[in-house]
Amino acid sequence: MALTWCINKFAFWDLALWDSIRESVDHYFKENNNTGNIFPAPIWDVAKAVLRSELIAHAATLIKLAKAKKADLEARLYHLEAQHKTTGPPKVHRELQRVRGELEQLYMTDEAWKLLYVNHKYYEKGTKPTNCWHTNWDKSKREIIFQS
């Protein structure tokens, strides 16, 4: 089975991505404006590749930023917990609660995106006969999964 690239439609909620895509596609068409020498089909195929590369780069940047924020919050949490063990002033306790809340919010957001992505991958699989829900699972298995 060949793996194909599929666009993550949740990435389009980021407005910075729209500006980045607009700039890169405009730049591509300005550079490749000699339409008299080349057929339109290859130009559009390469434009799709430019668009895909922009989406992949943006997704990688978002992942790196999220990992850096998570690492920063975990390091601050470790430092504040050590400080709270030794001294324990109320100011440190409030800061500790705030950092824990931010870290928990980050984890919850990450899990929510994963759930959305799982639904996205599942429901965009195809028509009902090709969907694994209808071909591989019988009713008893579905009931067991949703009862737990």
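Take 120 as the starting number for the sequence shown in this note's numbering and just add one per residue. All C-beta atoms, glycine included, are put in the ideal place defined by N, C-alpha and C.
If V169 and L192 are in contact, beta carbons under 8 angstroms, what's the gap, nearest whole angstrom?
The pair is not a contact, with the Cβ atoms about 35 angstroms apart (cut-off 8 angstroms).
Could you check what DSSP says for P209 in three-state terms: helix, strand or coil?
If DSSP states are grouped into helix, strand and coil, P209 belongs with the helices.
For F131, which three-state DSSP category applies?
In this structure, F131 counts as helix in the three-state DSSP scheme.
Taking just the CA atoms, how far does W232 sit from A176?
Each residue's alpha carbon lies about 19 angstroms from the other.
Under 8 angstroms between C-beta atoms, does Y197 make it to chain D?
The structure shown contains no chain D, having only a single protein chain.
If you count every other CB in all the chains shown that lies within 10 Å of the CB of L174, and 16 or more means buried, which is it?
With 16 or more Cβ atoms within 10 Å of its Cβ, L174 is classed as buried.
Am I right that L199 and L215 are in contact with their C-beta atoms under 8 angstroms? What's the rounded C-beta distance?
Confirmed, Cβ separation roughly 5 angstroms.
For the 8 angstroms Cβ check, are there 3 or more pairs between the stretch 147-164 and the stretch 181-192?
Contact between the stretch 147-164 and the stretch 181-192 is absent, because fewer than three Cβ pairs lie under 8 angstroms.
Compute the Euclidean distance between the alpha carbons of K210 and L134, then round it to the nearest angstrom.
So the two alpha carbons sit approximately 37 angstroms from each other.
If L196 and L234 are in contact, beta carbons under 8 angstroms, what's the gap, nearest whole angstrom?
Their Cβ separation, rounded to whole angstroms, is 25 angstroms, which puts L196 and L234 out of contact at 8 angstroms.
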